[in-house]
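Below is one structure; the comments refer to it alone.
Residue numbers (our numbering): 816 to 1005.
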């Protein structure tokens, strides 16, 4: 790997990890960098498998900290000891992977309308999959059409924050990298 690609890889990965760790800062529910990280990695990593690995590792590490250091302080009544993953993690991480695929498909050229559309698509994917997963677990909702509708209805207030978070983090991540590329043009891939 050339020095140019090493530097580019490092900056992209660093931005993704910074975004993941922004989840530790107090924020409204679902106003997170999840969709933005997946789209950013998908758009800029030259080897596309990194678009899955780096954002998922960043999410996993931030989840470990949140689940074992933050939530026990906020919700001590629910903490039962160290946990690697929360219940239903595969729905969230699966949606994350689908968002990366969306980014690989749609973000071949970075343009503002495409970024907005892919960000909205990422929000919709996350909403549909994670709320379906909440219903499919059978814990909170009955496993029938009424339960499914209830799961999606209960998720609607959080959906607006998901949209806002995805738009914000897409803007911050893509904008930051474009600013860095202006300062260091060799980071651009021909």
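The beta-carbon is built from N, C-alpha and C at its ideal position, and this holds for glycine as well.
Check this for me: beta carbons of residue 866 and residue 835, under 8 Å apart or not?
If you number the chain shown from 1, residue 866 lands on position 51. If you number the chain shown from 1, residue 835 lands on position 20. Taking 8 Å as the Cβ cut-off, residue 866 and residue 835 do not qualify as a contacting pair.
How about residue 936 and residue 845: do their beta carbons lie closer than 8 Å?
Residue mapping note: residue 936 aligns to position 121 of the chain shown, counting from 1. Residue mapping note: residue 845 aligns to position 30 of the chain shown, counting from 1. No, these two residues do not count as a Cβ contact at 8 Å.
Go through its chain and collect everything with a Cβ distance to residue 907's Cβ below 7 Å, but skip five positions before and after it.
For the purposes of this step, residue 907 is identified with residue 92 of the chain shown, where counting begins at 1. Cβ within range, chain order: 945.
Taking all protein chains shown into account, do 16 or more other C-beta atoms lie within 10 angstroms of the C-beta of residue 816, making it buried, or fewer, making it exposed?
Residue 816 sits at position 1 when you count from the first residue of the chain shown. Bear in mind that a pLDDT of 49 at residue 816, under 50, signals an unreliable position, so the number given afterwards is only what the model happens to contain. Per the 10 Å Cβ criterion, exposed.
Going by beta carbon distance, what residues of the same chain come within less than 7 Å of residue 847, once the five residues before and after it are set aside?
As a first step, residue 847 is located in the chain shown; it is residue number 32 there, counting from the start. 838 and 980, listed in sequence order.
If you count every other CB in all the chains shown that lies within 10 Å of the CB of residue 828, and 16 or more means buried, which is it?
Looking up residue 828 in the chain shown gives position 13. With 16 or more other Cβ atoms within 10 Å, it is buried.
Pick helix, strand or coil for residue 908, following the three-state DSSP scheme.
Taking the chain shown and counting its residues from 1, one reaches residue 908 at position 93. Helix.
Identify which residue in 887, 863 and 930 has its Cα closest to the Cα of residue 989.
Taking the first residue of the chain shown as position 1, residue 989 is located at position 174. The option with the nearest alpha carbon to residue 989 is 930.
Residue 1092 versus residue 954 - alpha carbon distance:
Nothing about residue 1092 can be read from this structure; the chain reaches only from 816 to 1005.
Between the beta-carbon of residue 1022 and the beta-carbon of residue 934, is there less than 8 Å?
Only positions 816 to 1005 of the chain appear in this structure, which leaves residue 1022 out of reach.
In the DSSP assignment, find the alpha helix (DSSP H) that holds residue 873 and state where it starts and stops.
One-based indexing of the chain shown puts residue 873 at position 58. Run containing residue 873: 864 to 880, per the alpha helix (DSSP H) assignment.
Are the beta-carbon atoms of residue 985 and residue 826 separated by less than 8 Å?
Here residue 985 refers to the residue found at position 170 of the chain shown. Here residue 826 refers to the residue found at position 11 of the chain shown. No, these two residues do not count as a Cβ contact at 8 Å.
Quick one: what does DSSP say residue 1003 is sitting in, helix, strand or coil?
The residue labelled residue 1003 in the question sits at position 188 within the chain shown. Reduced to three states, the DSSP call for residue 1003 is coil.
Taking DSSP as the reference, what is the three-state secondary structure of residue 961?
Mapped onto the chain shown, residue 961 falls at position 146. Helix.
Same chain, Cβ closer than 7 Å to residue 962, neighbours up to 5 away in sequence not counted:
In the chain shown, residue 962 corresponds to position 147, counting from 1. Excluding residues within five positions, the ones whose Cβ falls inside 7 Å are 950 and 956.
Using only the alpha-carbon positions, how far apart do residue 923 and residue 917 sit?
Here residue 923 corresponds to residue number 108 of the chain shown, with the count starting at 1. Here residue 917 corresponds to residue number 102 of the chain shown, with the count starting at 1. Cα to Cα, the separation comes out at about 10 Å.
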